[in-house]
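Engineer:
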């Protein structure tokens, strides 16, 4: 039986070393340890650690172009069976099923916390969720909020708690 080729898009996950980064890397490592899975991490772009406003805008548009055009092309080239999209958005036309991480619904419930770039980005979350084969989040609370805010049945949202790696078990 052939291994399931799972591409982990780490493009947004790798932008900072915070929770999303840790969660994405721990999850890809845990999935990679399964005997029937081949994990292929990819990063469509890298970012400047101290960007100017103009660089932030360019990075944002570059990220959206990556998700919609570069990522589907990479998935075809890699012959992916499944895509794990680690940060709220997935491609409009993926050549394989994809699983989407949506960590919370704060971009809607706490919109005043975010700048205009994030609010623009956040408008694409719900359409991405509708196209995803499944949605992953980090807690039952987030699951209920996401289901309510994005009008998505709870049975499409799975909870995978953070802290699956050994450093979190002691």
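Residue numbers (the numbering used here): 2 to 171. Where is the CB? At the ideal position from N, CA and C, for every residue including glycine.
Report yes if the C-beta of residue 75 is less than 7 Å from at least one heavy atom of the ligand FAD; otherwise report no.
Structural biologist: With respect to the ligand FAD, the structure offers nothing, as it holds no ligand at all.
Engineer: State buried or exposed for residue 20, treating a residue as buried only when at least 16 other CB atoms are found within 10 Å of its CB.
Structural biologist: exposed
Engineer: Would you call residue 114 buried or exposed, if buried means 16 or more other Cβ atoms sit within 10 Å of its Cβ?
Structural biologist: Residue 114 counts as exposed, since fewer than 16 other beta carbons sit within 10 angstroms of its beta carbon.
Engineer: Quick check on residue 8: does DSSP put it in helix, strand or coil?
Structural biologist: strand
Engineer: In the structure shown, what three-state DSSP assignment does residue 75 receive?
Structural biologist: helix
Engineer: Which residue's Cα is closest to the Cα of residue 138: 100, 73, 63?
Structural biologist: 100
Engineer: In whole angstroms, give me the CA-to-CA distance for residue 134 and residue 152.
Structural biologist: Spanning the alpha carbons of residue 134 and residue 152 requires a straight line of approximately 16 Å.
Engineer: Quick one: using the 10 Å Cβ neighbour count with 16 as the cut-off for buried, is residue 130 buried or exposed?
Structural biologist: Under this definition residue 130 is a buried residue.
Engineer: In three-state DSSP terms, what is residue 69?
Structural biologist: helix
Engineer: Smallest Cα separation from residue 97: which of 2, 132, 150, 12?
Structural biologist: 132
Engineer: When the Cα atoms are used, what is the spatial distance from residue 12 to residue 121?
Structural biologist: Each residue's alpha carbon lies about 18 Å from the other.
Engineer: Please classify residue 116 as buried or exposed, where buried requires at least 16 neighbouring CB atoms within 10 angstroms.
Structural biologist: exposed
Engineer: Leaving out the 5 sequence neighbours to the left and right, which residues in its chain are closer than 6 Å to residue 81 when beta-carbon positions are compared?
Structural biologist: 6, 8, 97
Engineer: Taking only the alpha-carbon atoms, compute the straight-line gap between residue 70 and residue 29 and give it to the nearest angstrom.
Structural biologist: Taking the straight line joining both Cα atoms gives about 23 Å.
Engineer: Considering only C-alpha positions, which residue in the set 87, 150, 42 is nearest to residue 112?
Structural biologist: 150
Engineer: With distances taken between CB atoms, is the gap from residue 126 to residue 160 smaller than 8 Å?
Structural biologist: no
Engineer: State the DSSP-derived secondary structure class of residue 28, mapped to helix, strand or coil.
Structural biologist: helix
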